[in-house]
Each structure stands twice: as structure tokens, then as C-alpha cells.
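Visitor: Here's a structure for you.
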Amino acid sequence: MIALTVNGKAYSLDVESETPLLWVIRDELGMTGTKFGCGIAQCGACTVHVDGEAVRSCSIQIGDVANKNITTIEGLSPDAKHPVQQAWLAEDVPQCGYCQSGQIMAAVAFLKEHPKPTDADIDANLTNICRCGTYVRIRSAIHRAAALMKT
Amino acid sequence: MNRIANTSITRRHFVIASASAAGGLAISVAFPGLADAASIGMQAWGPETAPNEINAFLAIDPDGSILIRSPHQEMGQGAITALPMIVAEELECDWSKVKVEYASPARNLREKNVYGEMTTVGSRGVRTSWQMLLQAGASARERLIAAAAHRWNVPPSECEAANSRVTHKATGRSLDYGALAADAAKINLDKEPAIRTPDQFKLIGKRVARLDTPLKINGSAKFAIDTQVPGMVYAAVAACPVFGGKLKSVDETPAKGRRGVLQVVKLDNAVVVVADRFWRAKEALALLKPEWDVGEAGNTDSAQFAKLYRDTLDGAMVNARNDGNVDDAFGKGGKIVEAVYEAPHLAHATMEPLNATVHLQADKLEVWLGSQTPMGTIRQAAAASGLKPEQIVIHNCFLGGGFGRRSINDEMRQAILVAKDVGKPVKLVWTREEDMTHDRYRPQAAVRMKAALGADGMPTAFDARIAVGSILRSTGINKVESGIEAQAVEGFANIPYAIPSVRVGCMLKNTHVPVMFWRSVGSSQNAFFVESYIDELAQAAGQDPYKFRRALLAGKSDFLGVLDTIAVKSDWGKPLGQGRGRGIAIHECYGSIIGQVAEVTVSQKGEVKVDRVVAAVDCGHVVNPGIVEAQIQSGVIYGLSAALYGEITIKQGRVEQANFDEYQVVRLADTPKIEVYLALSGGKKWGGIGEPGTAATAPAVANAVFAATGTRVRSMPLKNIKLPGPV
Numbered sequence: 001m002i003a004l005t006v007n008g009k010a011y012s013l014d015v016e017s018e019t020p021l022l023w024v025i026r027d028e029l030g031m032t033g034t035k036f037g038c039g040i041a042q043c044g045a046c047t048v049h050v051d052g053e054a055v056r057s058c059s060i061q062i063g064d065v066a067n068k069n070i071t072t073i074e075g076l077s078p079d080a081k082h083p084v085q086q087a088w089l090a091e092d093v094p095q096c097g098y099c100q101s102g103q104i105m106a107a108v109a110f111l112k113e114h115p116k117p118t119d120a121d122i123d124a125n126l127t128n129i130c131r132c133g134t135y136v137r138i139r140s141a142i143h144r145a146a147a148l149m150k151t
Numbered sequence: 152m153n154r155i156a157n158t159s160i161t162r163r164h165f166v167i168a169s170a171s172a173a174g175g176l177a178i179s180v181a182f183p184g185l186a187d188a189a190s191i192g193m194q195a196w197g198p199e200t201a202p203n204e205i206n207a208f209l210a211i212d213p214d215g216s217i218l219i220r221s222p223h224q225e226m227g228q229g230a231i232t233a234l235p236m237i238v239a240e241e242l243e244c245d246w247s248k249v250k251v252e253y254a255s256p257a258r259n260l261r262e263k264n265v266y267g268e269m270t271t272v273g274s275r276g277v278r279t280s281w282q283m284l285l286q287a288g289a290s291a292r293e294r295l296i297a298a299a300a301h302r303w304n305v306p307p308s309e310c311e312a313a314n315s316r317v318t319h320k321a322t323g324r325s326l327d328y329g330a331l332a333a334d335a336a337k338i339n340l341d342k343e344p345a346i347r348t349p350d351q352f353k354l355i356g357k358r359v360a361r362l363d364t365p366l367k368i369n370g371s372a373k374f375a376i377d378t379q380v381p382g383m384v385y386a387a388v389a390a391c392p393v394f395g396g397k398l399k400s401v402d403e404t405p406a407k408g409r410r411g412v413l414q415v416v417k418l419d420n421a422v423v424v425v426a427d428r429f430w431r432a433k434e435a436l437a438l439l440k441p442e443w444d445v446g447e448a449g450n451t452d453s454a455q456f457a458k459l460y461r462d463t464l465d466g467a468m469v470n471a472r473n474d475g476n477v478d479d480a481f482g483k484g485g486k487i488v489e490a491v492y493e494a495p496h497l498a499h500a501t502m503e504p505l506n507a508t509v510h511l512q513a514d515k516l517e518v519w520l521g522s523q524t525p526m527g528t529i530r531q532a533a534a535a536s537g538l539k540p541e542q543i544v545i546h547n548c549f550l551g552g553g554f555g556r557r558s559i560n561d562e563m564r565q566a567i568l569v570a571k572d573v574g575k576p577v578k579l580v581w582t583r584e585e586d587m588t589h590d591r592y593r594p595q596a597a598v599r600m601k602a603a604l605g606a607d608g609m610p611t612a613f614d615a616r617i618a619v620g621s622i623l624r625s626t627g628i629n630k631v632e633s634g635i636e637a638q639a640v641e642g643f644a645n646i647p648y649a650i651p652s653v654r655v656g657c658m659l660k661n662t663h664v665p666v667m668f669w670r671s672v673g674s675s676q677n678a679f680f681v682e683s684y685i686d687e688l689a690q691a692a693g694q695d696p697y698k699f700r701r702a703l704l705a706g707k708s709d710f711l712g713v714l715d716t717i718a719v720k721s722d723w724g725k726p727l728g729q730g731r732g733r734g735i736a737i738h739e740c741y742g743s744i745i746g747q748v749a750e751v752t753v754s755q756k757g758e759v760k761v762d763r764v765v766a767a768v769d770c771g772h773v774v775n776p777g778i779v780e781a782q783i784q785s786g787v788i789y790g791l792s793a794a795l796y797g798e799i800t801i802k803q804g805r806v807e808q809a810n811f812d813e814y815q816v817v818r819l820a821d822t823p824k825i826e827v828y829l830a831l832s833g834g835k836k837w838g839g840i841g842e843p844g845t846a847a848t849a850p851a852v853a854n855a856v857f858a859a860t861g862t863r864v865r866s867m868p869l870k871n872i873k874l875p876g877p878v
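Protein sequences, first through last, are from chains A and B. Under the numbering used here, think of the first position of the first sequence as 1, with each following residue one higher. Under the numbering used here, think of the first position of the second sequence as 152, with each following residue one higher.
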């Protein structure tokens with residue numbers, strides 16, 4: 001049995017220790033906001049927070065995050081009122097939306113490290129793929145979120 | 152900084168909205184109820200019918216809530232926001248009371264295409280459905296007015312509808328739509344009302360927030376891969392790596408006895424492991440070593456295909472167009488310019504890998520998937536299951552990207568075949584590797600273009616010879632007995648430039664690699680060919696590429712409106728300095744004209760960075776400028792991925808790229824500043840917006856690279872081109 005906390009709730013799971021965190025979240029816990037995109041930590045659609053840090057959950061084994069605190073998009077805020085979510089809403093960022101949970105989780109962690117980011121900071125640190133090409137609005141939304149978080 | 156023009160339908164009347172540093176737009180919205188958005192549920196599909204329908208598109212409940220059904224699917228392009236806006240335009244309803252669902256494919260089958268084709272391909276959403284949707288809204292509104300008039304015993308002409316209420320002007324009496332809907336549903340109008348003309352639009356043209364955004368910022372939007380059906384098992388699949396190959400045998404032993412593994416299923420051309428969890432199925436599948444019969448195709452590679460297409464250029468062709476006398480014109484001398492261009496296969500690489508969940512019963516099949524063509528999905532499901540079309544229920548989900556790939560549902564066919572074997576609901580998911588190596592790709596192509604320039608430098612003759620894979624033959628849609636398919640010659644057959652003699656020949660050649668519609672289809676490579684070559688002609692004529700195009704488009708006010716807009720907004724002609732260059736391209740497809748100017752910087756090492764793209768589009772009319780802006784941005788990024796990196800290659804008959812580490816795509820670091828302007832010609836034009844943005848990017852970038860380096864780029868992607876660095 002492996003113990004972990006997801007979105008503040010404690011779980012004890014009977015799964016193989018090498019199971020990727022992504023598939024535990026999706027198929028064991030039934031939380032489907034975190035997406036499968038590539039399976040090799042390339043695209044970031046599966047990004048969650050492990051003890052507050054952005055992690056590509058497809059490429060981390062459940063055994064390595066035992067007893068840690070996991071936050072998924074479902075647990076980011078109870079009412080979608082996190083400043084990054086509000087900025088995403090204001091900028092109408094998503095298109096197909098499949099990558100956006102990961103984009104938002106990556107942006108939240110990024111803004112903790114870079115509260116006043118430049119475009120260059122954004123480009124250098126955020127590498128999640130969006131095939132719809134929402135990048136221009138992602139940039140705008142991150143600046144907007146940074147402003148919201150400052151006030 | 153990102154800008155968009157206002158949406159005045161006045162011909163090329165540009166009002167640029169002020170934009171904040173964060174990109175916020177200052178276009179105010181004055182339409183009742185817009186402060187509160189309409190909504191859509193986590194599941195995009197709804198039941199076939201609703202209790203309080205006024206027509207197939209509309210139901211209004213006694214509490215005043217309004218259901219509007221979208222005949223097209225949402226795959227990011229904004230259909231489920233824009234299409235209901237068109238209905239609401241005529242309905243005169245409170246937008247905050249609107250809830251949206253997909254129209255039911257099963258009902259469309261039963262009621263003889265009451266929702267039309269329902270295909271979300273070819274940038275068709277608005278441009279094929281706008282009249283039908285305006286009519287549905289107008290018809291419902293007039294029935295609601297008639298119901299109120301009847302109740303008050305006054306002529307309908309004395310009543311008017313606004314903000315979900317009908318009011319009797321003389322007496323001020325008014326009733327909510329919710330109180331009138333039941334009566335309205337029973338009313339037959341003597342004649343259907345005429346639909347509004349664009350000058351009467353109130354909601355169409357407003358920057359209304361997308362309805363799906365709230366569901367896509369908290370993880371609640373349901374994609375096919377999120378489907379959970381009681382008793383469901385998971386399937387991981389490995390199809391023969393060589394297209395057309397067959398499964399010879401597989402030793403199931405390594406998978407057997409592993410935790411959760413239920414069964415190994417052998418399909419004609421694939422091995423499938425079924426387990427209680429997807430990851431367990433995938434891990435067990437990886438242990439199997441299937442033997443394949445790959446046939447002769449197993450000896451092919453991309454170099455052979457490149458030779459095939461180049462050699463085809465020297466053979467017989469079928470003419471798609473033959474105006475004037477090209478041979479005569481070439482015989483008269485003058486400067487001759489000839490060039491061969493090539494384009495590779497491309498994968499769609501939607502963010503959501505293909506997947507489908509099926510529940511097969513004796514007399515019913517339920518499918519959860521993302522489909523761009525639900526009516527075709529019903530036919531495919533019937534064929535695979537052996538059931539009748541009317542026994543198929545398609546639950547179409549939010550599509551995690553489409554770009555053409557989700558118009559044939561290979562994943563669903565496999566899931567149905569597996570379900571026949573296991574007798575339980577099955578969720579079958581393709582890994583990224585399976586998705587990338589079993590796509591149906593953008594066709595490979597080679598083109599030879601030849602032109603004669605007159606004494607004034609303007610072309611007198613243009614001869615294009617196209618060798619490309621047939622999409623219609625590959626998909627089985629059509630045998631193309633004429634030898635010409637529109638997809639192969641689009642952009643050539645309708646070349647907009649005034650050239651006295653034009654001949655466009657085509658020869659379709661397919662290999663074992665399946666090819667299909669890829670965002671902007673033939674235009675995705677043909678715009679690159681034509682617009683790069685036109686730049687070569689301008690260069691040969693010693694003329695500025697913008698002015699050269701301008702002269703060849705004389706009298707075409709819609710093209711010139713787009714061309715002039717991008718020239719002005721991009722500061723065309725203003726020097727950029729060492730290592731930098733601007734390139735221009737213009738192209739018509741899907742009923743719209745797209746123009747782009749790209750600005751690039753080429754490093755000393757020859758690396759290309761696209762700094763800025765200025766785009767203008769004439770799609771005639773705009774339903775929602777925020778969505779149009781987003782679609783052009785999206786198209787530019789999709790086209791830029793192809794221009795910089797996109798290439799699927801074949802070795803030993805199989806695709807060499809399996810994941811995003813080998814099939815690189817644009818990320819934030821590669822994203823240029825993108826400015827989008829509207830240059831609307833209005834009138835009868837209702838153009839598409841999902842695809843045109845993609846077509847013009849590669850030629851604009853390639854022409855900018857030429858301006859910066861003097862190197863003409865005649866094949867894609869740029870990563871394969873050795874650039875000398877700045878001139």
C-alpha cells in the first residue's frame with residue numbers, strides 16, 4: 001500500500017510502485033482534469049504539483065511520491081478563482097483545452113519563482129506544448145495573473 | 152502586444168481597439184445579458200430531444216432557460232460559442248439563460264439531416280450553417296411573438312421581442328419566453344420570417360467570451376479519454392508499424408499472468424492487450440514481440456518517395472486548368488524562371504491522442520469519442536459492429552484537437568472489434584507513439600513551376616506541374632477517376648494573379664502511407680509553393696514582392712484590402728537591419744483570404760527565429776472577433792511548427808518519428824508576436840476561419856528568410872535547410 005495526499009485528501013493505494021503518478025490520478029482516483037499527452041515528459045499536459053513544485057506526472061513513479069502532497073487542477077482552488085485561472089478566463093486562453101490544466105499548473109508554479117516575469121522569463125521556463133497555439137494569450141494571461149497576485 | 156481590428160462591416164474601415172499591456176481589449180459590448188455568460192455542460196453531448204422544444208435547434212423551459220443545439224463540434228475553433236450566437240442573434244434572448252449542447256447525430260439520421268451535414272471539417276462551421284441557424288432563431292422568435300399576440304388577442308405586428316420577453320407596445324404588457332414556449336411550439340407560421348441582413352446584427356460581431364473557457368480552466372471539460380463507464384476495461388494497441396501490414400503471430404506468454412491483464416486480442420493488423428487499468432495494459436503490451444507480414448512496403452523510405460514525386464513531374468499530367476496558351480507564351484522568349492519545390496508528410500499530433508470508449512450490446516452500440524464527422528462515425532461504427540446505423544449512439548465529447556485527424560475514427564473501429572471479443576465496455580487509448588506512427592498524414596508533394604516574364608517583368612505564362620498523394624483515394628472517399636482532386640490543386644487552380652496563360656497539371660500518386668486532410672489541406676503545401684515562387688518571380692523581375700503582387704492583383708479589391716493591410720501594419724519597406732528580413736504571402740482558401748508578413752532574424756549560425764507575424768483576414772463577416780483572432784493566432788502557430796520543424800519520414804516502410812522529442816513543435820520560446828487584423832469585404836462572403844491562418848505562414852517565413860539571407864527555401868522544414876547566416 002502506498003500513502004499519498006491528493007488535493008488535501010489522504011489515500012492509501014494498492015498499486016505497483018512504478019505506476020506513473022498520472023495514471024494513479026486518472027484511473028485509480030478518477031480525477032480526469034490531468035491529461036495524458038506524450039508519456040515522456042515532453043508536452044506537460046500532465047503537470048501537477050508535488051509539494052508545490054510543478055512535475056510532469058506521466059514520468060514520475062508513485063513510489064517516489066509516497067507521503068507527499070499532490071495538487072491537481074481539481075485542487076488548485078475550490079471555485080476556479082485562483083488568479084491564474086481568473087487570468088485564463090479573462091484572456092479566453094483555451095481553445096481545444098486539452099493541454100490547459102497542465103499549462104495552468106505550470107504557470108502557477110512558475111509565478112511563485114517569477115512573481116514579475118518578463119516575456120523572456122516565460123519563454124525560457126514554460127515549455128508545455130499547445131497544438132492549438134494559444135501561446136500568445138498564455139503570455140498575456142501570465143502577465144495578468146502576476147498583476148492580480150501582486151494586488 | 153496584440154491587436155485586433157474592430158468588426159465594423161464597413162468595407163475596410165479599421166478601428167483598432169486599444170490593448171493593455173496584458174493584452175486586454177477595449178471593445179465594449181452592449182447586448183442584453185452579455186455580462187453573464189451562457190453556458191455549456193462538462194459533457195458537450197445532450198439527449199436527442201428535450202421536453203420544451205420549439206424546433207430541433209431550440210428548447211425553452213417554463214423557467215425561461217434556453218437550450219441551443221450546435222450542429223458542429225468543439226475542437227478549439229469556437230463553434231459551440233459562435234454557432235449559438237447566430238441562433239441567439241435572431242431569437243432576441245437573454246444570453247445568460249442560454250445553455251448549449253451538441254445536436255444529436257442519431258436524431259440527425261432519423262430526421263433526415265435536420266442539422267445538416269454536421270461535419271466539422273473544411274472550416275465549415277459558420278460558413279455552411281449560418282443561414283440555417285439564423286432561420287432557426289428567427290422562426291422561434293416569430294412563434295413566440297405569435298403566441299403572445301394570440302394570448303392578448305392583438306396582431307403580432309404590434310408586438311416585439313427583446314431580451315427573452317415579448318412586449319405589446321401599445322399596452323406595455325409583456326411575457327417571458329418561458330411562459331410562451333409551450334404555445335409557441337404548437338404554432339405554424341404562414342410563412343417563415345426572412346433572416347436579418349448583416350447591417351441589422353446586434354450580437355453577431357461582438358467579442359463574446361467563449362462558453363467552454365470555464366470548463367477548461369478547472370479540468371472539468373470532458374474529453375473522450377475522460378470517459379468512465381461502469382464495468383469498463385482498458386485496451387492498449389500496437390498496430391503493424393508498416394501500413395497495410397498484417398499480424399502473423401504473437402506469443403502471448405509475456406503478458407499473461409501479469410497483474411490486471413485480462414486478455415490479449417489479435418486483430419488483423421494489430422495486437423491489443425486488455426487490462427483493468429490502461430497503464431497495466433500498456434506495460435504488458437510492451438513485452439510482446441508480434442511478428443508482422445509487412446510485404447514489399449517494408450523496403451520503402453522517404454528518399455524513394457521524394458524520387459517518385461520528382462520523377463512524376465516529368466511524366467503525363469491531367470490538367471486542372473489551361474487558360475490562354477502556355478506553350479506559345481514560352482515560345483515567345485523572355486525571361487524564364489523555373490523551380491522545383493517539395494513538401495514532406497506531416498502528422499496532426501493532436502494533444503489528445505486518439506481514443507474511444509465503446510459499449511457494445513446485442514442491439515445497441517454506444518460510443519464515446521471525439522469525432523469531426525459524427526454522421527460518418529455512425530456509418531463506420533455500423534460497419535465495424537454489424538449493427539444498423541439507427542442502433543448506434545454517438546456521445547461526441549470535447550475534441551482534444553482535430554486538425555482533420557478526427558474525421559476518420561480508426562481508434563473506434565479497433566475498440567469495437569476488441570469489445571466483440573471481451574464482451575465488456577472497452578476504453579481503447581493510443582499512446583503518443585501509436586498516434587504519431589499511425590496517423591493519416593499530410594501528403595508528400597513535389598511541384599515544378601515555370602513562368603515567362605514579359606519585357607515589363609510581369610509574368611505572361613505560368614505552368615505548374617503537381618505530384619502529390621491523393622487524399623480521396625487513400626481515405627476511400629472517392630476513386631478520383633478524373634485524376635484531379637480539388638485538394639491537390641487548391642491554391643494553383645484558383646491562383647488569383649492576373650497572368651494571361653496559366654496551366655495547372657496534376658498527377659496523383661499514392662504510396663502505402665495513408666494520407667488525409669491536415670489543417671488547410673492542399674493549401675498547407677500549395678500556398679508555400681505558389682507564394683514562395685511568386686517571390687522568386689518578383690526577385691527575377693527586380694521588383695518589390697509586395698508591389699509585384701499588388702500589380703498582379705489589380706482590380707481585386709478584397710485581395711488588395713488584405714495585402715495593403717499587412718503591408719501597412721508590418722511597416723513594409725522599412726529597413727530591418729543585418730540578419731533580419733520580412734516576407735509576405737497571400738492566399739485564398741475556405742472562402743477567406745489570408746495575408747501574412749513574417750519578420751525573421753537569422754543568426755550567424757543560420758538559425759531562424761520568427762519575431763513577428765502580421766496577419767490580416769477577409770472572411771467576409773465575423774461572428775465573434777475574439778474567436779477569429781484566436782483562430783488566426785492558432786493557424787500561424789500550427790503553420791509555424793510545420794515550417795520550422797515539421798517532417799514525418801519513412802524508413803523500412805515505417806514512420807521514424809514517434810513522439811514530441813522527435814517531432815518537434817512550436818512552444819512558447821518559438822512564438823512570435825502575432826497581430827491580427829480584419830479586412831472585411833462583407834457582401835455575400837462568409838468565409839471559414841479555422842484553417843486559412845495555417846496556409847500563409849510557411850511562405851511568409853520562407854520569403855523572410857530569403858530577404859534576410861538571400862537563400863531561397865524550396866523545401867520544408869527549415870531545420871533541414873543549411874542557411875549561410877546573414878548577407
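Even glycine gets a Cβ: it sits at the ideal position worked out from N, Cα and C.
(1) Is it right to say I487(B) is buried, meaning 16 or more other beta carbons lie within 10 angstroms of its own, or is it exposed?
(2) Verify the CB distance criterion: does Q556(B) have a CB-CB separation below 8 Å to chain A?
(3) Using a Cβ-Cβ cutoff of less than 8 Å, which residues in the same chain neighbour E687(B) once the five nearest sequence positions on both sides are dropped?
(4) Reducing DSSP to helix, strand and coil, say where F710(B) ends up.
(5) Who pairs with M1(A) in a beta bridge, going by DSSP?
(6) Can you tell me the Cβ-Cβ gap for T34(A) and G370(B), rounded? I've got them flagged as a contact below 8 Å.
(7) Between R591(B) and S308(B), what straight-line distance do the alpha-carbon atoms span, to the nearest angstrom?
(8) Between which two residues does the alpha helix (DSSP H) holding A457(B) run?
(9) Please tell me whether W519(B) and T501(B) are closer than 8 Å, where the distance is taken between their beta carbons.
(10) Can you check whether the CB of A858(B) is closer than 8 Å to the CB of R733(B)?
(11) Hey, out of M609(B), E225(B), N854(B), whose CA is closest to C96(A)'s CA?
(12) Measure the beta-carbon distance from I646(B) to V598(B) and round it to whole angstroms, keeping in mind my assumption that it falls under 8 Å.
(13) If you drop the 5 nearest sequence neighbours on each side, which residues of the same chain put their C-beta closer than 7 Å to that of A664(B)?
(14) Could you please give the first and the last residue of the uninterrupted beta strand (DSSP E) stretch that includes L218(B)?
(15) Taking the beta carbon of A186(B) as the centre, do at least 16 other beta carbons fall within 10 Å, making it buried, or is it exposed?
(16) Cβ closer than 7 Å: which chain B residues qualify as neighbours of S101(A)?
(17) Which of the three DSSP states, helix, strand or coil, is assigned to S77(A)?
(18) Quick check: the stretch 723-740 of chain B against the stretch 844-852 of chain B, are there 3 or more CB pairs under 8 Å?
(19) Taking Cβ-Cβ distances below 8 Å as the criterion, which residues of the stretch 308-331 of chain B are in contact with chain A?
(20) Any beta carbon of chain A sitting closer than 8 Å to that of A186(B)?
(21) Alpha carbon to alpha carbon, what distance is there between T364(B) and A448(B)?
(22) Going by beta carbon distance, what residues of the same chain come within less than 8 Å of E503(B), once the five residues before and after it are set aside?
(23) For G804(B), count neighbouring C-beta atoms within 10 Å of its own C-beta (all shown protein chains included) and say buried if the count is 16 or more, exposed if not.
(24) Does DSSP classify W723(B) as helix, strand or coil?
(25) With H, G and I counted as helix, E and B as strand and the rest as coil, what does DSSP make of Y937(B)?
(26) Look at D79(A) and A820(B) and say whether their C-beta atoms are less than 8 Å apart.
(27) In three-state DSSP terms, what is A145(A)?
(28) Using Cβ-Cβ distances below 8 Å, what residues of the stretch 123-140 of chain A are close to chain B?
(29) Return the residue from the list Y460(B), A390(B), I840(B), R275(B) that minimises the CA-CA distance to T582(B).
(30) Tell me the DSSP secondary structure of R818(B) in three-state form.
(31) Helix, strand or coil for T71(A)? Go by DSSP, reduced to three states.
(32) I'd like to know if A109(A) contacts chain E, where contact means its C-beta is closer than 8 Å to some C-beta of that chain.
(33) How is M526(B) classed by DSSP in three states: helix, strand or coil?
(34) Would you tell me roughly how many angstroms separate the C-alpha atoms of E113(A) and Q523(B), rounded to the nearest one?
(35) Look at the alpha carbon of V423(B) and the alpha carbon of Q565(B), and state the distance between them as a whole number of angstroms.
(36) Under 8 Å Cβ-Cβ, which residues of chain A neighbour M236(B)?
Guide: For this structure:
(1) exposed
(2) It should be noted that the sequence gives Arg, not Gln, for residue 556(B). With 8 Å as the cut-off, R556(B) does not count as an interface residue toward chain A.
(3) V488, A490, R863
(4) helix
(5) Partner(s): none; M1(A) has no beta bridge.
(6) 7 Å
(7) 56 Å
(8) 453-463
(9) no
(10) yes
(11) E225(B)
(12) Not quite, the Cβ-Cβ distance comes to about 12 Å (not below 8 Å), so this is no contact.
(13) One detail in the question is off: residue 664(B) reads as Val in this sequence, not Ala. Hits under 7 Å: F394, H496, Y592, I801.
(14) 217-221
(15) Unreliable positioning characterises A186(B) in this predicted model, as indicated by a pLDDT of 47, which lies under 50. The coordinate reading is nonetheless provided below. Exposed: under 16 other Cβ atoms inside 10 Å.
(16) G370
(17) coil
(18) yes
(19) none
(20) Its pLDDT being 47, under 50, A186(B) is placed unreliably by the model, and nothing is read from it.
(21) 45 Å
(22) F374, A375, I376, G521, L550, G551, G552
(23) buried
(24) coil
(25) For chain B, the structure presents residues 152 to 878; residue 937(B) sits outside this window and is missing.
(26) no
(27) helix
(28) D123, A124, L126, T127, N128, I129, C130, R131, C132, G133, T134, Y135, V136, R137, I138, R139, S140
(29) A390(B)
(30) coil
(31) strand
(32) Within the model displayed, chain E is absent; protein chains A and B are what it includes.
(33) helix
(34) 41 Å
(35) 9 Å
(36) Chain A residues near M236(B): none, gap ~14 Å exceeds 8 Å.
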